[in-house]
Amino acid sequence: MRQRSSSDFFSIGFSPRKQNLSVYSMPEFKKFANLLTQLGKHKTGAPCLDLNKLEDIHLNILEKFSTGSVNYIREKYENKV
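See below:
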């Protein structure tokens with residue numbers, strides 16, 4: 036029988052890459068579809084949002100997405116394990 040364990044993990048992560056900037060977020064992107072339509076040029080993968088250049092996006096929308104993502108994680112998982 037497997038025992039449940041807890042560990043620390045980031046709520047949101049930023050990874051600069053050679054071709055783009057990846058933003059890693061746990062919530063499904065459909066929860067933030069209204070913000071993503073306003074963001075600007077981007078691509079989404081399973082857990083990540085890929086941005087080619089910061090000049091191509093609206094930084095205030097990225098901030099709202101990031102804040103919403105962190106708040107969602109806190110509400111869903113904090114003190115639940």
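Just so we're aligned, residue 36 is where the sequence shown starts under the working numbering, counting upward by one. Using N, Cα and C, we set each Cβ at its ideal position, and we do this for glycine too.
Coarse secondary structure for residue i, derived from DSSP in three states
{"i": "K9", "result": "Not covered by the structure: residue 9. The range shown for the chain is 36 to 116."}
{"i": "F100", "result": "helix"}
{"i": "D43", "result": "coil"}
Spatially closest choice to residue i from the options, by CA coordinates
{"i": "S101", "options": "N87, E63, E90, R52", "result": "E63"}
Burial state of residue i, where buried means 16 or more other Cβ atoms lie within 10 Å
{"i": "L84", "result": "buried"}
{"i": "L97", "result": "buried"}
{"i": "H93", "result": "exposed"}
For residue j and residue i, believed in contact at Cβ under 8 Å, the rounded distance
{"i": "L86", "j": "N55", "result": "6 Å"}
Residue i CB to nearest heavy atom of the ligand COA below 8 Å
{"i": "L89", "result": "The ligand COA is not part of the structure shown, which contains no ligands of any sort."}
**Q.** Given 8 Å, three or more beta-carbon pairs between the region 71-79 and the region 43-51
**A.** no
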